[in-house]
Amino acid sequence: MSQTIDDAQVHRGAPTGEPLLHADNLEAGYLPGVNILQGCSLVLHPGELVGIIGPNGAGKSTLLKALFGLVNIRSGTLTLEGQSITNLRADTLVKRGVGFVPQTNNVFPSLTIEENLQMGVYQTPAKFAERVGVVMDLFPELGKRRRQRAGALSGGERQMVAMARALMPEPSVLLLDEPSAGLSPVRQDEAFLRTRRINKTGVSVIIVEQNARRALQICDRAYVLDQGRNAYSGPGRELMNDPKVIELYLGTLATDVDAARATENEG
Ligand SMILES: Nc1ncnc2c1ncn2[C@@H]1O[C@H](COP(=O)(O)OP(=O)(O)OP(=O)(O)O)[C@@H](O)[C@H]1O
Ligand SMILES: [Mg+2]
């Protein structure tokens with residue numbers, strides 16, 4: 001069922017001009033000789049909100065980790081504003097303006113909200129005072145609870161702390177791995193709206209989502225990954241209405257969502 005698409009189609013609908021971030025033909029994996037990413041490509045242009053969707057195990061998280069220097073890139077190139085950042089370390093990438101919110105374990109549970117935000121700028125502590133107000137404005141719920149331990153927060157609140165921490169160094173690119181995972185439908189909606197709001201402040205965003213329909217609704221463009229390869233790509237709304245994408249990647253999900261909503265309405 002996995003299929004590859006030709007070069008002209010890989011970045012369908014992308015703006016012209018130099019991309020902010022450009023991953024070209026990446027191969028990467030965890031075990032020697034086993035590639036999880038088998039030639040993945042992606043571009044992110046300034047101001048864009050780009051989604052990555054695809055089945056479980058497709059390599060979505062691996063792609064984000066490769067972009068953030070956490071998985072070794074074995075082949076292919078990665079550039080930021082035209083300069084190679086292939087296999088640079090995560091802390092170097094943070095200095096260069098890339099932020100990352102992992103799928104799990106993305107807060108320091110024993111630290112307070114405020115201390116978590118301090119960790120976001122540990123390389124440039126003076127930036128804390130400059131950024132904390134801006135970031136707290138995006139997450140007013142956190143401002144009131146600055147001295148609470150992150151471990152005592154709900155899943156939705158922890159996700160906010162993780163995003164807030166990543167925004168502290170004022171990144172130009174934010175990589176989000178499933179910000180809606182494990183949240184109730186209402187909290188999921190909030191996470192999507194918040195992502196959109198962050199994007200509107202000028203941060204270019206790549207969002208990996210299992211809630212594919214919702215992701216396609218808010219994204220400018222999206223990439224469908226399947227078995228470590230680009231399978232489809234294009235403007236979010238077009239992919240949402242593409243019969244092939246619906247059949248292969250959205251069908252079951254839509255049923256799941258409808259079933260979940262129906263159960264909720266009963267309760
Ligand atoms: N640390 C690891 N060591 C070895 N294999 C791994 C590791 N992390 C992930 N994998 C494997 O890489 C493949 C892709 O995993 P990845 O987490 O990138 O998928 P995904 O698309 O994010 O899936 P999901 O939707 O479940 O989050 C899977 O086969 C997975 O088992
Ligand atoms: Mg994942």
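Residue numbers (UniProt numbering): 1 to 267. Note that the Cβ used here is the ideal one computed from N, Cα and C, for glycine as well.
Excluding the 5 residues preceding and the 5 following residue i in the sequence, name in chain order all residues of the same chain whose CB lies nearer than 8 angstroms to its CB.
i	result
Val135	Leu117, Ala164, Leu167 and Met168
Arg74	Glu27, Ala28, Gly29 and Asn35
Asn241	none
Met119	Phe108, Leu111 and Arg165
Val245	Val224, Tyr232 and Leu239
Ile5	Asn230, Ala231, Tyr232 and Ser233
Ile198	Leu138, Met163, Leu167, Leu174 and Val205
Can you list, in chain order, the residues of its chain whose CB lies under 7 angstroms from that of residue i, leaving out five sequence neighbours each side?
i	result
Ala254	Unreliable placement is indicated for Ala254, whose pLDDT of 49 sits below 50; the coordinate value is still reported in the next sentence. Counting only Cβ-Cβ distances below 7 angstroms, and skipping sequence neighbours, we find Arg213.
Pro46	Leu20 and Ser204
Gln3	Bear in mind that a pLDDT of 46 at Gln3, under 50, signals an unreliable position, so the number given afterwards is only what the model happens to contain. The answer, listed in chain order, is Ala231.
Gly267	At Gly267 the pLDDT is 40, less than 50, meaning the model places this residue with poor confidence and gives no usable figure here.
Asn87	Gly69, Asn72 and Ile73
Can you determine whether any heavy atom of ligand 3 sits closer than 8 angstroms to the C-beta of residue i, and answer yes or no?
i	result
Glu27	Ligand 3 is not among the ligands present in this structure, which contains only ligand 1 and ligand 2.
Is the CB-CB distance between residue i and residue j below 9 angstroms?
i	j	result
Val98	Leu175	yes
Gly59	Ile85	no
His22	Thr79	yes
Gly33	Leu216	no
Asn230	Leu67	no
Arg145	Leu153	yes
Leu142	Arg194	no
Gly155	Glu190	no
Gly39	Asn25	yes
Gln159	Leu183	yes
Gly13	Pro243	no
Gln210	Ile53	yes
Starting from residue i, follow its DSSP beta bridges and name the residues at the other end.
i	result
residue 268	The chain is shown only over 1 to 267; residue 268 falls outside these bounds and no answer can be derived.
Tyr223	Ile52 and Ser233
Glu18	According to DSSP, which records beta bridges pairwise, Glu18 is partnered with nothing at all.
Ile207	Gly51 and Leu176
Glu247	In the DSSP output, where bridge partners are listed per residue, Glu247 has none listed.
Ile73	Ala28
Gln83	Leu80
Ala23	Leu42 and Leu78
Once the 5 residues before and after residue i are set aside, which same chain residues still bring their CB inside 6 angstroms of it?
i	result
Glu48	Ser204 and Asp220
Ala162	Val101, Asn106 and Val107
Lys65	Val71
Gly228	Ile36, Leu37, Gln38 and Gly59
Leu77	According to the sequence provided, residue 77 is Thr. The question's Leu does not apply to it. So the qualifying residues of the chain are Asp24 and Thr86.
Val186	none
Check your understanding: What are the complete alpha helix (DSSP H) segments, minimum 4 residues, inside the segment 105-188?
Key -> Secondary structure remark: continuous alpha helix (DSSP H) runs of at least 4 residues inside the segment 105-188, in chain order: 113-120, 127-138, 140-143 and 155-167.
Point to revise | Complete runs of the beta strand (DSSP E) confined to the segment 39-66 [at least 3 residues] | key: Fully enclosed beta strand (DSSP E) runs of no fewer than 3 residues occupy 49-53 of the segment 39-66, in order along the chain.
Exercise for review: Tell me, please, whether the segment 92-106 touches the segment 175-185 by the rule of three or more beta-carbon pairs shorter than 8 angstroms.
Suggested key: Contact between the segment 92-106 and the segment 175-185 is present, because at least three Cβ pairs lie under 8 angstroms.
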